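Per our numbering, the very first residue in the sequence shown carries number 4; after that it's consecutive.
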Amino acid sequence: MQDLQESVAQQRQMAGHLEACRAANAQQVQELQRAADDHKRTEAKLDQLLQEVHAEVLHLHTAVDALRAGKRQPFTGPQLEGDCGARLKAAFMGLRSRIADASTQATAARDEQAILQQSLNNHQKINAALEDENRESQAQCARLKAKLDQQTAAHTALEEEVVKLTQACQALQQEHGAQQVQAAERSQGLLQSARGFADQLTALGSLVTETGPQGLPHISLALPGSGLTWDAVL
Numbered sequence: 004m005q006d007l008q009e010s011v012a013q014q015r016q017m018a019g020h021l022e023a024c025r026a027a028n029a030q031q032v033q034e035l036q037r038a039a040d041d042h043k044r045t046e047a048k049l050d051q052l053l054q055e056v057h058a059e060v061l062h063l064h065t066a067v068d069a070l071r072a073g074k075r076q077p078f079t080g081p082q083l084e085g086d087c088g089a090r091l092k093a094a095f096m097g098l099r100s101r102i103a104d105a106s107t108q109a110t111a112a113r114d115e116q117a118i119l120q121q122s123l124n125n126h127q128k129i130n131a132a133l134e135d136e137n138r139e140s141q142a143q144c145a146r147l148k149a150k151l152d153q154q155t156a157a158h159t160a161l162e163e164e165v166v167k168l169t170q171a172c173q174a175l176q177q178e179h180g181a182q183q184v185q186a187a188e189r190s191q192g193l194l195q196s197a198r199g200f201a202d203q204l205t206a207l208g209s210l211v212t213e214t215g216p217q218g219l220p221h222i223s224l225a226l227p228g229s230g231l232t233w234d235a236v237l
């Protein structure tokens, strides 16, 4: 029974450890989820930046088309005089750099999100394994508890049987003691009766010893007042 109790205590300790691990994993999952949400927001910002870049590219294309058509609607004034091509080239180079940076950031964000997703999947698998182990541990604890309850019930029944046997033994001892007392009392009464009878014979009777007809000793006992005589030839 002590082994079962120790096993139940170990199973409970293991269940507590599994519960702590599950809580820690749940916290890590929440942190990973927050990180994933942050990356989603970063991706949204990058997408917005790409849209702005694309809008600016379209705007520059419109400006180039207008210049080719001899129109100056998007760029008027001194900015088209002298260095218009250099400005366009610089603008395109800046856009290309911004697009490359945005693409690099987006790729890094996607890679990091993939890593986080893989880590999240691993933690979910670990949580599932811990849940299975916890359920198995709880089932084993339940089986051990049922066995312990069964043995406890059997032990209780044995204790009750021992109590009944003890009470029966005590009753037999009391009965035997009473019988011994009664036997002693009867023996004492018989002894007292024998002594009284002997005293009565001594007090009431008179022994007459004489020689019988064949020369044998003859004893005559007369009980006064009764008219009885007892004769014996030795």
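For every residue, glycine included, the Cβ atom is placed at its ideal position computed from N, Cα and C. Note that the structure is predicted; figures quoted are calculated from it, not measured.
C-beta contact flag for residue i and residue j at 7 Å
i: LEU53; j: GLN108; result: no
i: LEU119; j: ALA29; result: no
i: ILE102; j: VAL32; result: no
i: LEU35; j: SER140; result: no
8 Å contact criterion, which residue i and residue j should meet: CB distance rounded
i: HIS42; j: GLN127; result: Actually they are not in contact, since the Cβ atoms of HIS42 and GLN127 sit about 18 Å apart, beyond 8 Å.
i: GLU46; j: ALA112; result: 5 Å
Residue i, buried or exposed, once every other Cβ within 10 Å from all chains shown has been counted against 16
i: ALA66; result: buried
i: GLU22; result: exposed
i: LEU207; result: In this prediction, LEU207 has a pLDDT of 48, which is less than 50 and means its spatial position is unreliable; nothing more can be read from the coordinates.
i: GLY19; result: exposed
Quiz prompt | Segments of 4+ residues assigned as alpha helix (DSSP H) that fall wholly inside the segment 120-179 | solution = none
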